[in-house]
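The structure appears right after this line, and notes come after that.
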Amino acid sequence: MPILNKEEAQALLKKVLAFSKAEECEVTLSGSEGGNIRYALNAVSTAGDISTMSLAVMSVFGKKAGTATIDEFDDAALERVVRRSEELAQLAPANPEYMPLLGPQNFPDSITYNANTAAMTPDSRADMVAKSLSVTKEAKLTAAGFLENSTSFNSVINSKGLFAYNKGSDLTFSVTTRNQEGTASGYAARGFTDVNKMDTFAATKVAAGKCISSSGAKAIEPGKYTVILEPVAATYMLENMFRFDARSAEEGRSFLSKKGGGTRLGEQLMDPKVNIYSDPFNPDLPSSTWTGEGLSREKTMWIDKGVVKNLSYSRYWADKKGVKPLPGPGNIIMDGGDASLEDLIKSTERGILVSRLWYIRMVDPQSLLLTGLTRDGTFYIENGKIKFPVKNFRFNESPVIMLNNLEALGKQERSISVESYRSYLIPPMKIRDFTFSSLSDAV
Amino acid sequence: MRRRDFIYLTGMGAGAMMLPGMNALAKTIDPLQALEGVDAKIKKELADVALNTAKSNGASYADVRIGRYLNQFVVTRENKVLNVANTESYGIGIRVIANGCWGFAATNDVTKEGMAKTALKAVAVAKANAKIGGAPVQLAPQKGYGEVSWKTPLTKNAFEVPIKEKVDLLLNANGIAMAGGANFVNSIMFAVNEQKYFASTDGSYIDQDVHRLYPSFTVTKIDPTAGSFETRRSLSSPVGMGYEYLDPLATEKVLGVTPRYKKRYDMLEDIKFATQQAGDKLKAKSVEPGKYDLVLDPSHLWLTIHESVGHPTELDRVLGYEANFAGTSFLTLDKWKSGNFKFGSDAVNIVGDKTQVGSLGAVGYDDEGVQCKKWDIIKNGVLVNYQAIRDQAHIIGLNESQGCCYSQSWQDVQFQRMPNVSLQPGKNPLSVDEMIKNVEKGVYIIGDGSFSIDQQRYNFQFGGQLFYEIKEGKIAGMLNDVAYQANTQEFWNSCAKVCDERDYRLGGAFNDGKGQPSQSSAVSHGASTALFKGVNVINTKRKIG
Chain A
1 MPILNKEEAQ
11 ALLKKVLAFS
21 KAEECEVTLS
31 GSEGGNIRYA
41 LNAVSTAGDI
51 STMSLAVMSV
61 FGKKAGTATI
71 DEFDDAALER
81 VVRRSEELAQ
91 LAPANPEYMP
101 LLGPQNFPDS
111 ITYNANTAAM
121 TPDSRADMVA
131 KSLSVTKEAK
141 LTAAGFLENS
151 TSFNSVINSK
161 GLFAYNKGSD
171 LTFSVTTRNQ
181 EGTASGYAAR
191 GFTDVNKMDT
201 FAATKVAAGK
211 CISSSGAKAI
221 EPGKYTVILE
231 PVAATYMLEN
241 MFRFDARSAE
251 EGRSFLSKKG
261 GGTRLGEQLM
271 DPKVNIYSDP
281 FNPDLPSSTW
291 TGEGLSREKT
301 MWIDKGVVKN
311 LSYSRYWADK
321 KGVKPLPGPG
331 NIIMDGGDAS
341 LEDLIKSTER
351 GILVSRLWYI
361 RMVDPQSLLL
371 TGLTRDGTFY
381 IENGKIKFPV
391 KNFRFNESPV
401 IMLNNLEALG
411 KQERSISVES
421 YRSYLIPPMK
431 IRDFTFSSLS
441 DAV
Chain B
1001 MRRRDFIYLT
1011 GMGAGAMMLP
1021 GMNALAKTID
1031 PLQALEGVDA
1041 KIKKELADVA
1051 LNTAKSNGAS
1061 YADVRIGRYL
1071 NQFVVTRENK
1081 VLNVANTESY
1091 GIGIRVIANG
1101 CWGFAATNDV
1111 TKEGMAKTAL
1121 KAVAVAKANA
1131 KIGGAPVQLA
1141 PQKGYGEVSW
1151 KTPLTKNAFE
1161 VPIKEKVDLL
1171 LNANGIAMAG
1181 GANFVNSIMF
1191 AVNEQKYFAS
1201 TDGSYIDQDV
1211 HRLYPSFTVT
1221 KIDPTAGSFE
1231 TRRSLSSPVG
1241 MGYEYLDPLA
1251 TEKVLGVTPR
1261 YKKRYDMLED
1271 IKFATQQAGD
1281 KLKAKSVEPG
1291 KYDLVLDPSH
1301 LWLTIHESVG
1311 HPTELDRVLG
1321 YEANFAGTSF
1331 LTLDKWKSGN
1341 FKFGSDAVNI
1351 VGDKTQVGSL
1361 GAVGYDDEGV
1371 QCKKWDIIKN
1381 GVLVNYQAIR
1391 DQAHIIGLNE
1401 SQGCCYSQSW
1411 QDVQFQRMPN
1421 VSLQPGKNPL
1431 SVDEMIKNVE
1441 KGVYIIGDGS
1451 FSIDQQRYNF
1461 QFGGQLFYEI
1471 KEGKIAGMLN
1481 DVAYQANTQE
1491 FWNSCAKVCD
1501 ERDYRLGGAF
1511 NDGKGQPSQS
1521 SAVSHGASTA
1531 LFKGVNVINT
1541 KRKIG
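The listed protein sequences correspond, in order, to chains A and B. Once you know that position 422 of the first sequence is 422 in this note's numbering, the rest is easy, because the numbers rise by one and skip nothing. Each number in this note's numbering corresponds to the 1-based position in the second sequence with 1000 added.
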């Protein structure tokens, strides 16, 4: 059984710890169970069911640490993995950045687990895909999509008395619909903790609508435009910015480094409408309440009214700098406004609606300049109305500059990154002077 | 391609949590234990259980992969070793065709019982999927090879080289950078060994021992008064070789503005130049945007080939199987069928090749038991072929697969992946110096940098590591903030000349991402320095705050 409950995990971890002869020892146990279906050209192409469980032991002598892992769980195997980690620790060079293990901590239980998602089966996945395909078959479009669910647990114990356990569920779905001629394409992506919130039929309807209205795209000149980024586009763009790491900033090699030394902590870096924070107990996007370093995750503001409010400190860097450690974001929530997407369009005199962005890569880590392209539904807006679909653009833009040029925010929703598949709570946003640098013929 | 986790790692330094390419089942083990291969006889017995179970339960075809995947990482920054890890992942993946549909299942229970149970699961998945419908799988014929084996040609198995030797090399390199005024340096040694056993109902039992190695570093220099920083990454390549890649050899070196390397790499020399160049980049002139002739070194051009030729000629993309993630391709079947689609100029000859010694893609047989080969993809500028596997071969009129099937581990299903795709050297003698001599206004680019391309592979943008201005046939100094944008077909048709085979070198991607769930593969791309006329160069400098 790959998913152990708290008591089962603790009993197994205690048994492993009892074999340890090292100065410090930490044992981690994790497991996951889940499956996926991939489909293309309106038929299933691959499907899989995967369940795994593994155990990692870190033994420490002084600042020399060694790690060994195993996926066998009889007593002999458990003792063997402890001995092996101790041998590796003795061979390893001392790591001056090693921090002694923490003692007992009180972590509240998280709300990341969902029984409905955990109960999914190959049949329920197939039903959800069939619902998606029913939309495209009727609309005479071609669908390619991917549905994946997983339930996992993580638990840790150490020789100083720390024990922690977390169990979580996640489900993501994405679908691309294309017309027969290959001249139009639409996309939708959804992510949830609870499978009952997932409506593959409705999501595919959205993708199909985008595809149908994208036909006959016209080329317009690249340049600076007001853009409305739908959440799936904004998420992928901003994902590249969500590292608020003190160390790289203090070392002078981050967009959060300050000219002349130091960091931009406390500086107004973005528009005052921007609030970005983490909260493990957000019901729509919960996260674990503890980190691998044994730190507690609490609600943390990163950007408060456009001001850099906090930077994350690892235990080592915090110790070196004489500050309290602060874990990096376990989830990302960006406040939105009351406007609907339609309201954002209505208030736009001339602009571009961007459904999705694609192939975003860092061009310059100093300014966070990113390049990438629009994809699967790009539309020209004039006098508050969508006028016609336009050909895709390449952009060169920094999310920091973008959030300085923020005009308006819409209603926040849960969205997934089209590359990392991580979920975020992000609103649609209207941005002025977004830089499109060339046209693309891609559909 | 999803290389950024790896770039992030080498750029910033990291612990085990960010190690690239480690799948969920990878486990840390004693390096010596990892070297004991599993007896092929035992694997054959196990494989037969899976094949027989699948067949007797309704499979018309079955293959089984028994894989042991070893990784070793040594990760350092400045004078510190951040992590030394050995991981192993061992298990089986079984793929079947039942009722005309593929099914796949995998387990780490490598016993006869595990084989039988997993084979049944794969058949059940195939039968369930068959109900949704679709055209039945059509496999190109493949003869069984019987019991055969293949091993990466190497003289030094990286897993047998003591950890201390690797640590010493990396820390020596870091020491050179710090002594040269670097503010930060990260270096990493990454070794891979795939011990793969493949068996199929066609009668093949193939045992392979595949090795790859990637040493790399990033040097960072900071100008605190200007509030700016620059990096220079190593000009090493990931290779399908043993640790001998790290034994420098004068004959495997290319001279010029900075040393570059063929089949042997001198890390200590490269980092000395890198440290100097990171400082030079801080002071370099910002490029004036406009049209330039580009002279592209193989250490840079490999990535442009990978993205703009390798990916659009993948047949699964052309057909639409990757539409929801990586995308499709502008190189549609009608263009290939026309027989005269001018992908590039006459100077452009590109081959697919899974046999090239020292390359990342070289194996004896692919992951569906097809012996590897070499073929033309672009001939004198014309699109003549794609990259295909057994269930696609019939679509392009082939009666056998091109051997492009790969899976990153036993627990992932194999599918079409890129072979080594390489630009052939020019047939007439031409050196880089002779090429530069005839360039009026140009940029010479060395090393790969930022990269982005659309989902049908028309519009791309590439950066680099080092940029030199060419004025009236001479190198006039270093430039900064350079990226070029082009349309794939226009770009390759602007290829005026390719240097001869003396300059030919391989570059490559260690972690090329594709598929859902995403899988990583390693692939090399060879080229000699090439000249592209009148390409659009942009300036990437921005200010925030």
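Heads up, the beta-carbon is just placed ideally off N, CA and C, and yes, glycines get one too.
By alpha-carbon positions, which one of the options ends up nearest to residue i?
i, options, result
"residue 70 of chain A", "B/1089, B/1061, B/1052, B/1076", "B/1089"
"residue 207 of chain A", "A/145, A/245, A/105, A/151", "A/145"
"residue 1069 of chain B", "B/1221, B/1159, B/1248", "B/1159"
"residue 445 of chain A", "A/304, A/443, A/273, A/290", "Here chain A has residues from 1 to 443 only, and residue 445 of chain A is not among them."
"residue 1398 of chain B", "B/1065, B/1142, B/1130", "B/1142"
"residue 1307 of chain B", "B/1457, B/1127, B/1545", "B/1457"
"residue 279 of chain A", "A/123, A/365, A/334, A/8", "A/334"
"residue 1491 of chain B", "B/1168, B/1499, B/1541, B/1345", "B/1345"
"residue 178 of chain A", "A/73, A/401, A/213", "A/213"
When the cut-off is 8 Å and only beta carbons count, does residue i lie next to chain B?
i, result
"residue 359 of chain A", "yes"
"residue 326 of chain A", "no"
"residue 362 of chain A", "yes"
"residue 413 of chain A", "no"
"residue 50 of chain A", "yes"
"residue 169 of chain A", "no"
"residue 90 of chain A", "no"
"residue 36 of chain A", "yes"
"residue 121 of chain A", "no"
"residue 213 of chain A", "no"
"residue 178 of chain A", "yes"
"residue 146 of chain A", "yes"
Does residue i come within less than 8 Å of chain A when only Cβ atoms are used?
i, result
"residue 1025 of chain B", "Caution applies to residue 1025 of chain B, whose pLDDT of 37 falls short of 50 and renders its modelled position unreliable; the value that the coordinates give is listed next. Judged by the 8 Å Cβ criterion, residue 1025 of chain B is in contact with chain A."
"residue 1410 of chain B", "no"
"residue 1227 of chain B", "yes"
"residue 1034 of chain B", "Only weak support is given to the placement of residue 1034 of chain B: the predicted model assigns it a pLDDT of 47, under 50, and the value that follows is read from those uncertain coordinates. Chain A, which has no Cβ nearer than 8 Å to the Cβ of residue 1034 of chain B, makes this no."
"residue 1324 of chain B", "yes"
"residue 1102 of chain B", "yes"
"residue 1461 of chain B", "yes"
"residue 1335 of chain B", "no"
Starting from the C-beta of residue i, find all residues in its chain whose C-beta is less than 6 Å away, skip the five residues before and the five after it, and write them out in chain order.
i, result
"residue 1010 of chain B", "For residue 1010 of chain B, the predicted model reports a pLDDT of 27, less than 50, meaning its position is unreliable and no value from the coordinates is stated."
"residue 1352 of chain B", "1375, 1377, 1387, 1419, 1421"
"residue 15 of chain A", "none"
"residue 1044 of chain B", "1205"
So, at 8 Å on beta carbons, what are the nonlocal neighbours of residue i in its own chain, with the 5 sequence-adjacent residues on each side left out?
i, result
"residue 396 of chain A", "363, 369, 370, 371, 435, 437"
"residue 230 of chain A", "341, 353, 354, 355, 356, 428"
"residue 252 of chain A", "261"
"residue 1439 of chain B", "1293, 1295, 1470, 1473, 1531"
"residue 1048 of chain B", "1199"
"residue 54 of chain A", "29, 30, 31, 69, 70, 71"
According to DSSP, what are the bridge partners of residue i?
i, result
"residue 67 of chain A", "A/58"
"residue 425 of chain A", "A/333, A/414"
"residue 1405 of chain B", "B/1416"
"residue 44 of chain A", "A/39"
"residue 253 of chain A", "Partner(s): none; residue 253 of chain A has no beta bridge."
By Cβ distance below 7 Å, which residues in the same chain neighbour residue i in space, the five residues on each side in sequence not counted?
i, result
"residue 1539 of chain B", "1286, 1287, 1289, 1481"
"residue 248 of chain A", "254"
"residue 108 of chain A", "289"
**Asked** Are the region 26–38 of chain A and the region 151–162 of chain A touching, with three or more C-beta to C-beta distances below 8 Å?
**Response** Yes, the region 26–38 of chain A touches the region 151–162 of chain A.
**Request:** Decide yes or no for the touch test of the region 199–214 of chain A against the region 231–243 of chain A: beta carbon pairs closer than 8 Å, at least 3 of them.
**Result:** Flag = no, the region 199–214 of chain A and the region 231–243 of chain A do not touch.
**Prompt:** How about the region 1509–1522 of chain B and the region 1314–1331 of chain B: do they share at least three Cβ pairs that are nearer than 8 Å?
**Reply:** Because the criterion of three Cβ pairs below 8 Å is met, the region 1509–1522 of chain B and the region 1314–1331 of chain B touch.
**Prompt:** Should the region 191–205 of chain A be regarded as contacting the region 322–334 of chain A, the criterion being three or more beta carbon pairs within less than 8 Å?
**Reply:** Segments in contact, no.
**Item:** Cβ contact check for the region 1188–1208 of chain B and the region 1157–1171 of chain B: 3 or more pairs under 8 Å
**Value:** When Cβ pairs closer than 8 Å are counted between the two stretches, the region 1188–1208 of chain B is seen to touch the region 1157–1171 of chain B, the count reaching three or more.
**Message:** For the region 1404–1419 of chain B against the region 1222–1242 of chain B, do three or more pairs of beta-carbon atoms, one drawn from each stretch, fall closer than 8 Å, so that the two count as touching?
**Reply:** Between the region 1404–1419 of chain B and the region 1222–1242 of chain B, the count of C-beta pairs closer than 8 Å stays below three; the two stretches do not touch.
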